[in-house]
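Residue numbers (the numbering used here): 10 to 282.
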């Protein structure tokens with residue numbers, strides 16, 4: 010395993026913003042020379058980036074044979090669109106080094122949990138935006154995401170919003186216009202990639218309606234989505250096992266642990282075909 014760490018800085022970035030990449034070592038014994046990459050955005054309400062939704066999740070996808078990258082994006086008081094542009098800057102770095110790192114740029118998957126799910130999905134709905142290309146200094150889109158893997162994501166700025174995420178994200182730019190721009194279900198288009206999504210019915214922080222609204226928007230454009238709703242479980246469960254459990258045991262939710270295996274099946278049908 011190779012571990013690489015890179016600062017990620019755009020206008021408005023905090024000094025700590027960075028990307029950590031975990032790559033499979035090149036080996037003459039292994040025939041596979043290019044691998045899919047899962048780009049991971051930990052949650053934290055745009056007030057932090059959760060350790061529990063970083064390495065524990067990266068380890069699962071690395072074990073599936075994927076390279077992984079974890080974005081530690083700027084959070085409040087950094088404001089929109091800083092985190093989004095940092096995600097693109099990190100992805101530009103990945104694409105630029107893809108040949109050396111052995112990354113298959115046609116199979117880069119976006120993953121995010123909670124507010125990180127919002128950030129990952131935000132990349133998914135904006136990857137063709139002209140202003141993004143201009144900010145990156147590109148004449149066209151950087152790449153097309155192969156898919157999105159979203160865990161109990163923050164999606165809507167409307168009735169079922171996790172309001173704190175949008176307050177932290179927008180700061181002094183908290184306006185109706187910007188709320189609409191950052192409400193993911195309103196930005197879905199025919200170019201949005203397909204998705205694997207899971208949520209719990211009893212999530213008391215980010216209501217499950219967030220996932221429902223995204224699925225409804227994807228369905229409108231005929232974009233495939235696999236969705237799993239578990240009947241029990243709180244918010245921020247990550248891998249749902251001891252790898253990501255907090256002191257005291259919160260986060261262990263046995264009935265939700267199957268999401269990792271289900272995501273693996275979903276991913277293998279797209280990443281290795």
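Just so you know, even glycine gets a beta-carbon here, dropped at the ideal spot from N, CA and C.
Rank 86, 275, 279, 96 by C-alpha distance to the C-alpha of residue 78 and give the top, closest one. Stepping through the chain shown from its first residue, residue 78 is reached at position 69. Nearest C-alpha to residue 78: 96.
Helix, strand or coil: how does DSSP classify residue 17 here? One-based indexing of the chain shown puts residue 17 at position 8. Here residue 17 sits in coil by DSSP.
Quick check: the Cα distance between residue 22 and residue 86, rounded to an integer number of angstroms? As a working note, residue 22 is residue 13 in the chain shown. As a working note, residue 86 is residue 77 in the chain shown. Rounded to whole angstroms, residue 22 to residue 86 spans 10 Å at the Cα level.
Quick one: what does DSSP say residue 227 is sitting in, helix, strand or coil? Residue numbering aside, residue 227 sits at position 218 when the chain shown is read from its first letter. In the structure shown, residue 227 sits in a helix (DSSP, three-state: H, G or I).
Is the shortest distance between the beta-carbon of residue 241 and the beta-carbons of chain D less than 9 Å? In the structure shown, chain D does not exist; there is a single protein chain.
Distance check for residue 67 and residue 61, CA to CA, integer angstroms please. In the chain shown, counting from the first residue as 1, residue 61 sits at position 52. In the chain shown, counting from the first residue as 1, residue 67 sits at position 58. Computed Cα separation, rounded: 10 Å.
Using a 10 Å radius around the Cβ and a threshold of 16 neighbouring Cβ atoms, would you call residue 240 buried or exposed? Against the chain shown, residue 240 aligns to sequence position 231. It is exposed - the Cβ of residue 240 has fewer than 16 other Cβ atoms within 10 Å.
Mind checking who residue 279 pairs with in its DSSP beta bridge? Along the chain shown, read from residue 1 onward, the residue named residue 279 stands at position 270. None, per the DSSP bridge assignment.
Quick one: give me the first and last residue of the beta strand (DSSP E) that residue 160 is part of. Reading the chain shown from its first residue, position 151 is the one you call residue 160. Run containing residue 160: 156 to 160, per the beta strand (DSSP E) assignment.
Where does the unbroken beta strand (DSSP E) through residue 264 begin, and where does it stop? The sequence position of residue 264 within the chain shown is 255, counting from 1. Counting along the chain, residue 264 falls outside any beta strand (DSSP E), and DSSP gives it neither H nor E.
Beta strand (DSSP E) runs wholly inside the region 198 to 256, at least 3 long, in chain order: You should have 204 to 209, 234 to 239.
Assign residue 46 to one of three DSSP states: helix, strand, or coil. Your numbering for residue 46 matches position 37 in the chain shown. Here residue 46 sits in strand by DSSP.
Could you tell me which of 269, 109, 217, 210 sits nearest to residue 33, measuring between CA atoms? Locating residue 33 in the chain shown gives position 24, counting from the first residue. For the residues 269, 109, 217, 210, the minimum Cα distance to residue 33 belongs to 109.
Identity of the residue in 129, 82, 136 nearest residue 164 by Cα: Taking the chain shown and counting its residues from 1, the one referred to as residue 164 is at position 155. Considering only alpha carbons, the answer is 129.
Could you tell me if the beta carbon of residue 217 falls within a distance shorter than 8 Å of some heavy atom in the ligand FMN? Of the ligands one can find in the structure shown there are none, so the ligand FMN has no counterpart to examine.
Which whole-angstrom value is the C-beta distance of residue 273 and residue 261, which I expect to be below 8 Å? As a first step, residue 273 is located in the chain shown; it is residue number 264 there, counting from the start. As a first step, residue 261 is located in the chain shown; it is residue number 252 there, counting from the start. Actually they are not in contact, since the Cβ atoms of residue 273 and residue 261 sit about 20 Å apart, beyond 8 Å.
What residue does the alpha helix (DSSP H) around residue 61 start on, and which one ends it? Indexing the chain shown from 1 puts residue 61 at position 52. Run containing residue 61: none; DSSP gives neither H nor E here.
Spatial neighbours of residue 183 within its chain, please: C-beta separation below 8 Å, excluding the five flanking residues on both sides. To locate residue 183, count along the chain shown from 1; it is residue 174. So the qualifying residues of the chain are 175, 176.
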